[in-house]
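Note sheet for the following structure.
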Amino acid sequence: MLSVKGLKANVGDKEILRGLDLEVAPGEVHAIMGPNGSGKSTFAHVLSGREGYEVTAGSAMLDGTDLFELDPEERARLGLFLAFQYPVELPGVNNMYFLKAALNAIRKSRGEDEFDAVSFMRLMKEKLKVLHLDDSLLKRPVNFGFSGGEKKRNEIFQMAMLEPKLAILDETDSGLDIDALRIVADGVNALRSPERSMIVVTHYQRLLDYIEPDYVHVLAKGQIIRSGGKELALELEEKGYGWIVDGEAA
Amino acid sequence: MSAIPAEAITAESKADTVGQYDDLVNAGYEHGFVTEIESDTLPPGLDEGVVRAISARKGEPEWMTEWRLAAYRKWLEMPTPTWAAVHYPPIDYQAISYFSAPKKKEGPKSLDEVDPILLETYQKLGIPIEEQKALAGIAVDAVFDSVSVATTFREKLHEAGVIFCSISEAVQDYPELVQKYLGTVVPPTDNFYTGLNSAVFTDGTFVYVPKNTRCPMELSTYFRINTPNTGQFERTLIVADEGSYVSYLEGCTAPQRDENQLHAAVVELIALDDAEIKYSTVQNWYPGDENGKGGIYNFVTKRGDCRGHRSKISWTQVETGSAITWKYPSCILRGDDSVGEFYSVAVTKGRQQADTGTKMIHLGKNTSSTIVSKGISAQHGQQAYRGLVRIAARAEGARNHTQCDSLLIGDKSSAHTFPYIEVKNSSAKMEHEATTSKISDDQLFYCRARGLSEEDAVSMIVNGFCKEVFNELPMEFAVEAQKLLSISLEGAVG
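As you go down the protein sequences, you meet chains A and B in turn.
Quick note: the first sequence uses numbering that gives the first Met the number 0, first residue 0, plus one each step.
Quick note: the second sequence uses numbering that gives the first Met the number 0, first residue 0, plus one each step.
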């Protein structure tokens, strides 16, 4: 599925990622944890193709395709999905209309038929049911005037609709109260499947109480310095990041 | 016939010269158009003789001729307006030909001869092939569908008692209505261009909706009969009698072939007691090449008079074309409880310039007005919103809400806002909101991360920005306007 090797990336003159390796197989859920400034969000952005980052070394292959050769929209069409830490507001752009345009752009690129209004509505209803969401967000402009929780739910709903191969959730838990967190996590769990991989980027362990990862990685100073099972997250919760980060640095 | 003698062009404005011009103009018919263009077009230049010749050519009654001449004489004394934030070389008004009989215009003979870029745009807009021909100026066969459409259309209106015809026909057939209303909203002396228009207007539209009548369909220039080419000095007069309603659509989303650079139209709307007029425009004239060469100058005066109590006039415009747009559709809220609205989307890109906005003149009690203006500038586009809200001393309880938003694309475009507010009655309630924003990199990335191309993303964000205005357009028009906006902004990013 995803194979990242020796990835180095800069923001301006500053090197943020310093040789990152990660292998994700189909169906796996990987958590990437780490202290602030460790490069978690940079990693998510570099994979999805945001401007402002310069990849200086290494590679990232999704099912054998070099992601760094592609524009952000081409990566999305290939099956990469980024759930944003701060979903962006699009005033006046209807949420359903946006989703339909996105879904059809993806389908078109794959040589599939575009959805008409009826089949799109049918799919939407089906997905709403799976995620236990109502349709109140759909008639509003994309993220415009949404609460923090609504924005994150909307991200998960988009993910359900676009059915990516690989979803990256960038600090999806930030700014959520426990109820909203549960709704979002339930949504993510409902979308787990043997074909779909996920990378959950988070600062806190609490999200992992609800989304159980197969692997946990600790990112510090631009490298993955420790990997383990879900019990690693618990250990981090108990001891903090200091013992690993300092230990490695010494 | 041969070239026109020079002395004819500068002839004195004496009655006996009229005949001379008539000969010149009509000559083409007699001689079977051996030299089509020359013989059917007045020589360039403007004097009283030309004004008389235009009037005579159209067989107008004496009062109309005199009206034109009075306008012409006033025009001579008027200065060209220079206050707008637009720049262009001085126009030589003696270099323009003020009359050209429409039928004989030399156009392309088939679609093969039409500019392929134009055709591409038609295809993107999904315009049927026969209509493409009409728009491109190709003579269309009599079998063309719209003939029958036009006939049914006319019958239906006739049943309702609605008059919808060219202004030339109206001068002949309904002189009392034309005399009563023409120039009462926009007097010939209003400004330089209205003076010019009043003197030399060639054609346009006349609409009269009788008392307590709801016009059974949207009236559109598209289906207007007997006026294939209204030319550069168009004149429109719409009168809604007591308790009536009419919705009028002007223009077309397709870029129209047009060789006239200067367009100075006048539109007058009159709404009597309890009447409502909704006037929607989509303007997509040639904006010129990337250096701004050859585009249309659109200097138009549009004004509505809410003459009656509880009357309402609503302007909605989508302006994407023309090199220069100078346009302020306005409302005079004369009747008590009357309502004025102005919804506008204006796009400037390349070297386009637009100075546009509205005037809301509150005279009656409890009058209210709404202004929603959305300006989009890309590349080197320049744009100014210029709006006046005036509350007269006697306009007790007047209200205005103004919202003007500018969206900039790229770092070479500009937007300016010039709101003028004059309040002479302390009971007035005024609200003014203005924003300027750019399409953010965050917004673009968000859309692209969902699989949308950059162009689709821009178009979607811009359409979202304009939504409040598009909502005011009749359904079909709104869909076309959205498409048009997307096409206009293609390649405008980056």
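Quick reminder that beta carbons are idealized off the backbone N, C-alpha and C, glycines included.
The stretch 378-447 of chain B contains, as complete alpha helix (DSSP H) runs of 4+ residues, the segments 440-447 (chain order). Residue contact check for M459 of chain B against chain A: a CB pair falls below 8 Å. Secondary-structure assignment with DSSP links L168 of chain A through a beta bridge to A:A82, A:V199. Listed in chain order, the non-local C-beta contacts of H29 of chain A below 8 Å within the same chain comprise L21, V23, S196, M197, I198, V199, P212, D213, Y214, V215, H216, local neighbours out to five positions each way being set aside.
Under the three-state reduction of DSSP, Y207 of chain B is assigned to strand.
Contact annotation, V141 of chain A with N94 of chain A: C-beta distance approximately 5 Å; criterion of less than 8 Å satisfied. When secondary structure is reduced to three states using DSSP, W242 of chain A falls in the helix class. Residue pairing from DSSP places E318 of chain B in a beta bridge opposite B:Q282, B:A345. Per DSSP, reduced to three states, the secondary structure at E275 of chain B is strand.
The way I'd put it, the stretch 147-157 of chain A does touch the stretch 167-175 of chain A; three or more beta-carbon pairs between them come closer than 8 Å.
Listed in chain order, the positions of the stretch 413-435 of chain B with a beta carbon within less than 8 Å of a beta carbon of chain A would be empty, since no residue qualifies. Within chain B, no residue has its beta carbon less than 8 Å from that of G227 of chain A; the closest one is some 30 Å off. Here S310 of chain B is near G334 of chain B, since their CB atoms are less than 8 Å apart. When DSSP reads this structure, G227 of chain A sits in a beta bridge with A:V215. Ranked by how close their Cα comes to the Cα of R398 of chain B, the residues B:V266, B:A264, B:E421, B:Q381 have B:E421 in first place. Three or more Cβ pairs closer than 8 Å define a contact, and the stretch 226-237 of chain A falls short of that threshold against the stretch 181-190 of chain A. Beta-bridge analysis with DSSP links R302 of chain B to B:E267, B:S329. Check the Cα spacing between T81 of chain B and each of B:V457, B:W325, B:L195: the tightest is with B:W325. Cβ proximity to chain A below 8 Å picks out nothing from the stretch 358-376 of chain B. With the rule of 3 Cβ pairs closer than 8 Å, the stretch 421-431 of chain B does not count as touching the stretch 444-456 of chain B. Nearest to T64 of chain A by alpha-carbon distance, out of A:P71, A:V117, A:L1, is A:L1.
Closest option to N9 of chain A, judged by alpha-carbon separation, among A:A166, A:I105, A:G221, A:E88: A:G221. Contacts with chain A at 8 Å (Cβ-Cβ) do not include D410 of chain B. Under the DSSP definition of a beta bridge, G250 of chain B partners with B:V281. With a threshold of 16 other beta carbon atoms within 10 Å, H131 of chain A falls short and is exposed. At a cut-off of 8 Å between C-beta atoms, A480 of chain B does not count as an interface residue with respect to chain A. The three-state secondary structure of F163 of chain B, taken from DSSP, is strand.
DSSP, read as helix, strand or coil, puts H131 of chain A in coil. Contact note: D441 of chain B reaches chain A through V87, using a C-beta cutoff of 7 Å and chain order. If you draw a 10 Å sphere on the C-beta of Q231 of chain B, you find 16 or more other C-beta atoms in it, and that means buried. Proximity of chain A to D455 of chain B at the Cβ level (cut-off 8 Å) is accounted for by A100, A104, in chain order.
When C-alpha distances from S313 of chain B are compared across B:V85, B:L181, B:L332, B:L483, the shortest belongs to B:L332.
The criterion of a C-beta distance shorter than 8 Å is satisfied by L19 of chain A and F42 of chain A.
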